[in-house]
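The sequence shown begins at 1 in UniProt numbering and counts up by one. This report refers to the structure that appears directly beneath it.
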Amino acid sequence: MYSGAAAAAGPPRRDFISVTLGPEEAVGVGGYNNSKAWRRRSCWRKWKQLSRLQRSVILFLFAFLAVCGVISYSSMGETWKSITNKSLDDQRTEQEIPRLKLANPAVLPAPQKADANRGDYPELSLQKPPKPPHVRRGPSNLQIKAPRRDTRLKIQQDTMRAVEQLVEADKVEKTEKSIISWRGAVIEPDQSTEPPSSKIMEPEKPSSVEAEDQKEPVPINERQLAVIEAFRHAWKGYKDFAWGHDELKPLSKSYSEWFGLGLTLIDALDTMWILGLKEEFEEARKWVAKDLVFDKNVDVNLFESTIRILGGLLSTYHLSGDSLFLEKAKDIGNRLMPAFKTPSKIPYSDVNIGRGTAHPPRWTSDSTVAEVTSIQLEFRELSRLTGDEKFQKAVDEVMKHVHTLSGKNDGLVPMFINTNSGQFTHLGVYTLGARADSYYEYLLKQWIQGGKKENELLEDYMRAIEGVKKHLLQKSEPKKLTFVGELAHGHFSAKMDHLVCFLPGTLALGAHNGLAADHMKLAETLIETCYQMYAQVETGLSPEIVHFNLHAQKGHKDVEIKPADRHNLLRPETVESLFYMYRFTGDKKYQDWGWEILQNFNRYTRVPTGGYTSINNVQNPSNPEPRDKMESFFLGETLKYMFLLFSDDIDLINLDKYIFNTEAHPLPIWVPA
Ligand code: DMJ
């Protein structure tokens with residue numbers, strides 16, 4: 001509709017929303033247009049059709065919603081971040097914190113790990129203060145979690161602090177370790193030195209460091225230099241042809257294996273230390289660290305591996321202060337323990353150190369008396385160092401049992417003992433030589449080691465020496481040398497093993513420790529005899545066994561040698577006793593006798609390409625018949641005792657502080673005199 005008056009007044013004001021449906025809108029029925037262009041146009045048209053008020057209201061509403069949106073986005077962001085951090089923290093709590101809490105700094109790559117974590121997770125950084133917790137905004141459930149995150153942070157900070165303290169402590173420890181003195185110098189122990197396991201009590205102090213720090217080094221004399229030269233020559237052969245193997249075969253320039261455990265190298269460690277051969281020692285130490293593995297399917301002799309390997313490692317630990325040697329000693333000590341699992345607790349002779357099984361020799365269930373009673377110094381010391389009494393218990397039990405046994409003859413023991421019954425066997429034969437020798441030596445030495453308190457040991461020792469005097473001592477002709485023979489079923493035999501020459505030294509040691517003065521007298525006469533076992537022989541070297549003449553015969557010396565006994569294995573016993581005799585008397589003749597012996601070793605047993613060899617015939621200077629074998633005790637004992645014999649420094653292994661095991665490895669006396 002249209003009106004003339006309304007047209008004259010101008011277009012009317014639109015105060016209402018009118019909706020006009022154009023042809024396109026009318027398509028509705030029967031057709032549907034949902035194109036973007038159509039929707040845009042339609043919205044715009046609608047917006048245009050709104051009044052200003054309406055538009056303002058809508059715009060205001062949009063603006064308000066936008067502001068709210070921004071605020072809640074920010075809050076949600078924090079909330080989300082908090083959730084994300086929580087899950088990372090939880091993972092770290094499970095994975096990182098337990099590791100960081102490990103209390104052993106030496107095995108912890110802690111500084112690196114800790115730094116890496118700081119980079120990945122800034123809240124672990126101790127440099128940056130943690131953000132204030134977001135507890136004021138966001139949903140209430142997150143407000144509850146926030147304090148937990150604080151606690152975690154505190155734990156992390158505490159842990160980090162603890163780790164840093166441990167790292168610091170580790171640094172201090174390493175610095176302390178790096179100043180172990182090498183006879184006045186400073187050595188840097190290998191960084192790979194393993195720390196003692198948590199079950200091991202840290203030894204109070206490696207025994208020698210103290211003694212060596214307190215004194216001026218005494219200059220080495222010419223004869224000692226000659227020993228160093230001899231050692232170097234022997235070592236060269238071992239290094240060139242037998243490195244890491246048991247024994248050098250110097251003529252064939254190869255080696256022989258007994259246990260396959262680098263016997264010569266281990267036996268020689270403390271000798272190198274005492275002789276001041278730093279380079280050689282460090283090279284050998286590297287081998288021990290890297291290549292000495294006891295987890296091997298191999299049978300070893302309990303006694304031999306105890307005195308050479310366990311004894312060698314323990315003494316080297318004491319001299320060097322290097323815990324590597326204690327760790328290795330503990331390892332072999334544990335592996336030898338199955339030997340004691342016998343019906344009588346008298347150990348079997350052989351142990352498989354890889355399998356953990358033990359057995360007697362194939363032909364008998366007996367063990368040798370000297371073997372089962374000469375492992376005590378080492379196992380007792382191992383207990384003292386580790387705090388694990390099982391070692392000492394096992395060997396003390398053997399001594400207590402032997403103490404009570406019948407079958408002794410005035411303190412003298414037979415040579416065999418049965419591992420089932422625990423009784424002596426093959427009764428009636430008494431010797432201070434092979435199979436019984438170090439039983440007597442260890443009675444005295446254990447008594448000294450333990451601070452002279454174990455009376456049964458002393459009792460047995462004193463009784464045995466009386467037994468020696470009563471049954472085994474005789475004088476030879478023509479020189480009237482006092483010697484120690486053997487007793488077999490009531491019959492005296494004038495046979496004396498070179499092994500018996502440990503006795504003068506042991507007697508002198510007893511006298512030095514307050515035992516009867518006549519022990520020293522006997523020591524003096526016996527060492528003269530042992531010296532004559534060298535001096536009366538064509539090469540100036542003793543045979544393995546001698547027979548003394550009891551009756552004077554024209555043209556006969558005191559010493560007779562049977563063809564089967566005329567070999568020399570580079571044994572130490574006489575030189576060992578000369579060392580004790582010189583230490584306790586200061587009589588230079590003992591040094592001179594030792595010097596003669598060293599020269600004869602050089603003359604008849606030295607192999608030009610390196611090493612020394614056992615010989616078959618000490619009676620033939622033009623052909624002593626080299627045997628092509630250098631025993632490990634030549635480096636472990638013979639040369640060590642030579643060096644100590646020629647020294648005028650009583651603090652070079654002070655005999656009031658150390659006791660030598662039967663393989664010349666010095667172990668500390670627990671309560672030094
Ligand atoms: C070494 O193994 C020891 O000294 C042992 O007591 C006896 N035999 C040799 C040395 O001769």
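Even glycine gets a Cβ: it sits at the ideal position worked out from N, Cα and C.
(Q) Looking at residue 529: is its Cβ nearer than 8 Å to the Cβ of residue 481? (A) Within the sequence shown, residue 529 is the residue found at index 529, counting from 1. Within the sequence shown, residue 481 is the residue found at index 481, counting from 1. Yes, they are a contact pair.
Q.
Tell me the rounded alpha-carbon separation between residue 376 and residue 245.
A. Working through the sequence shown from its first residue, we reach residue 376 at position 376. Working through the sequence shown from its first residue, we reach residue 245 at position 245. The straight-line gap from Cα to Cα measures roughly 27 Å.
Q | Cβ separation of residue 509 and residue 444, assumed to be a contact under 8 Å, to the nearest whole Å | A | Within the sequence shown, the letter at position 509 stands for residue 509. Within the sequence shown, the letter at position 444 stands for residue 444. With a Cβ gap of about 7 Å, residue 509 and residue 444 count as contacting.
**Q.** Where residue 357 sits in the DSSP three-state scheme
**A.** As a first step, residue 357 must be located in the sequence shown, where it is residue number 357. In the structure shown, residue 357 sits in a strand (DSSP, three-state: E or B).
Q) Hey, would you say residue 457 sits closer than 8 Å to residue 399, going by beta carbons? A) The residue labelled residue 457 in the question sits at position 457 within the sequence shown. The residue labelled residue 399 in the question sits at position 399 within the sequence shown. Yes, the Cβ-Cβ distance between residue 457 and residue 399 is below 8 Å.
Q: Kindly indicate which three-state DSSP category residue 401 falls into: helix, strand or coil?
A: By 1-based counting over the sequence shown, the position of residue 401 is 401. Reduced to three states, the DSSP call for residue 401 is helix.
**Q.** Proximity below 8 Å, CB of residue 526 to CB of residue 504
**A.** If you number the sequence shown from 1, residue 526 lands on position 526. If you number the sequence shown from 1, residue 504 lands on position 504. Yes, they are a contact pair.
Q | Inter-residue Cα distance where the pair is residue 499 and residue 432 | A | Locating residue 499 in the sequence shown gives position 499, counting from the first residue. Locating residue 432 in the sequence shown gives position 432, counting from the first residue. Cα to Cα, the separation comes out at about 8 Å.
Q: Could you tell me the distance, in whole angstroms, from the CA atom of residue 129 to the CA atom of residue 298?
A: Translated into positions along the sequence shown, residue 129 becomes position 129. Translated into positions along the sequence shown, residue 298 becomes position 298. Confidence at residue 129 is low in this model, with a pLDDT of 30, below 50, so its placement is unreliable and the value that follows should be read with caution. C-alpha separation (whole angstroms): 60 Å.
Q) Enumerated in chain order, which unbroken segments of the beta strand (DSSP E) with a length of 3 residues or greater are wholly contained in the region 368-438? A) 416-418
Q.
Can you give me the C-alpha to C-alpha distance between residue 638 and residue 303, rounded to a whole angstrom?
A. If you number the sequence shown from 1, residue 638 lands on position 638. If you number the sequence shown from 1, residue 303 lands on position 303. Cα to Cα, residue 638 sits roughly 19 Å from residue 303.
Q: Could you please give the first and the last residue of the uninterrupted alpha helix (DSSP H) stretch that includes residue 575?
A: Locating residue 575 in the sequence shown gives position 575, counting from the first residue. From DSSP, the alpha helix (DSSP H) with residue 575 extends over 573-585.
Q.
Is residue 666 near the ligand DMJ - that is, is its Cβ less than 7 Å away from at least one heavy atom of it?
A. Taking the first residue of the sequence shown as position 1, residue 666 is located at position 666. Result no, Cβ not under 7 Å from the ligand DMJ.
Q.
Within a Cβ cutoff of 6 Å, which residues of the same chain sit near residue 550, ignoring the five residues on either side of it in sequence?
A. The residue given as residue 550 occupies position 550 in the sequence shown. The answer, listed in chain order, is 494.
**Q.** Beta carbon of residue 347 nearer than 8 Å to that of residue 367
**A.** For the purposes of this step, residue 347 is taken as the residue at position 347 of the sequence shown. For the purposes of this step, residue 367 is taken as the residue at position 367 of the sequence shown. Going by C-beta atoms, residue 347 is nearer than 8 Å to residue 367.
Q: Give the straight-line distance between the Cα atoms of residue 407 and residue 395, rounded to the nearest whole angstrom.
A: Walking along the sequence shown from the start, residue 407 turns up at place 407. Walking along the sequence shown from the start, residue 395 turns up at place 395. So the two alpha carbons sit approximately 21 Å from each other.
Q | Status (buried if at least 16 other CB within 10 Å, exposed otherwise) for residue 674 | A | Limits of the chain in this structure are 1 at one end and 673 at the other, which puts residue 674 out of reach.
(Q) Alpha carbons only, please: which of 321, 325 and 296 is nearest the one belonging to residue 288? (A) The residue given as residue 288 occupies position 288 in the sequence shown. Answer by Cα proximity: 325.
Q.
Could you check whether the Cβ of residue 572 sits closer than 7 Å to any heavy atom belonging to the ligand DMJ?
A. One-based indexing of the sequence shown puts residue 572 at position 572. Residue 572 Cβ: within cutoff of the ligand DMJ.
Q.
Are there any heavy atoms of the ligand DMJ lying less than 7 Å away from the beta-carbon of residue 315, as far as the coordinates show?
A. In the sequence shown, counting from the first residue as 1, residue 315 sits at position 315. Because no heavy atom of the ligand DMJ lies under 7 Å away, the Cβ of residue 315 does not count as near it: no.
Q: For residue 568, name the three-state secondary structure that DSSP assigns.
A: Position 568 of the sequence shown, counted from the start, is the residue given in the question as residue 568. In the structure shown, residue 568 sits in a strand (DSSP, three-state: E or B).
(Q) Rounded to whole angstroms, what is the Cα-Cα separation between residue 674 and residue 556? (A) One cannot answer for residue 674 here, as it falls past the ends of the chain, which runs 1 to 673.
Q: Can you grab the Cα-Cα spacing for the pair residue 533 / residue 373, in whole Å?
A: Here residue 533 refers to the residue found at position 533 of the sequence shown. Here residue 373 refers to the residue found at position 373 of the sequence shown. Using only the alpha carbons, I get a separation of about 28 Å.
Q. If you drop the 5 nearest sequence neighbours on each side, which residues of the same chain put their C-beta closer than 8 Å to that of residue 357?
A. On the sequence shown, position 357 is the one that residue 357 refers to. So the qualifying residues of the chain are 338 and 351.
(Q) Quick check: the region 613-633 against the region 557-566, are at least 3 beta-carbon pairs closer than 8 Å? (A) yes
Q. If you count every other CB in all the chains shown that lies within 10 Å of the CB of residue 52, and 16 or more means buried, which is it?
A. Sequence index remark: in the sequence shown, residue 52 carries index 52 (1-based). Residue 52 comes out exposed.
(Q) Tell me the rounded alpha-carbon separation between residue 474 and residue 467. (A) Here residue 474 is taken as the residue at index 474 of the sequence shown, counted from 1. Here residue 467 is taken as the residue at index 467 of the sequence shown, counted from 1. Rounded to the nearest angstrom, the two C-alpha atoms are 13 Å apart.
Q: Identify whether residue 624 lies in helix, strand or coil by the three-state DSSP scheme.
A: As a position in the sequence shown, residue 624 is number 624, starting the count at 1. Three-state result, residue 624: coil.
Q) According to the Cβ coordinates, are residue 369 and residue 415 closer than 8 Å? A) In the sequence shown, the residue the question calls residue 369 occupies position 369. In the sequence shown, the residue the question calls residue 415 occupies position 415. It is a contact, given that the beta carbons lie within the stated cut-off.
**Q.** residue 489: first and last residue of the uninterrupted alpha helix (DSSP H) it sits in
**A.** Translated into the one-based positions of the sequence shown, residue 489 becomes position 489. That residue, residue 489, is in no alpha helix (DSSP H); it is neither H nor E in DSSP.
Q. Secondary structure at residue 474, three-state DSSP: helix, strand or coil?
A. For this step, residue 474 is matched to residue 474 along the sequence shown. In the structure shown, residue 474 sits in a strand (DSSP, three-state: E or B).
Q.
Cutting at 6 Å between CB atoms, please list the residues of its own chain near residue 295, excluding the five before and the five after it.
A. By 1-based counting over the sequence shown, the position of residue 295 is 295. If we look at residue 295 and ignore the five residues flanking it on each side, its Cβ neighbours are 354.
Q: Along the beta strand (DSSP E) that carries residue 547, what are the first and last residues, could you check?
A: Your numbering for residue 547 matches position 547 in the sequence shown. Residues 545-548.
Q | For residue 594 and residue 677, the rounded distance between their alpha carbons | A | Any question about residue 677 goes unanswered here, given that the chain covers just 1 to 673.
Q. Are residue 236 and residue 610 closer than 8 Å when you measure CB to CB?
A. The count along the sequence shown starts at 1 and reaches residue 236 at position 236. The count along the sequence shown starts at 1 and reaches residue 610 at position 610. Yes. Within cutoff.
**Q.** C-alpha gap between residue 409 and residue 241, whole angstroms
**A.** For the purposes of this step, residue 409 is taken as residue 409 along the sequence shown, with counting starting at 1. For the purposes of this step, residue 241 is taken as residue 241 along the sequence shown, with counting starting at 1. Approximately 48 Å, taken between the alpha carbons.
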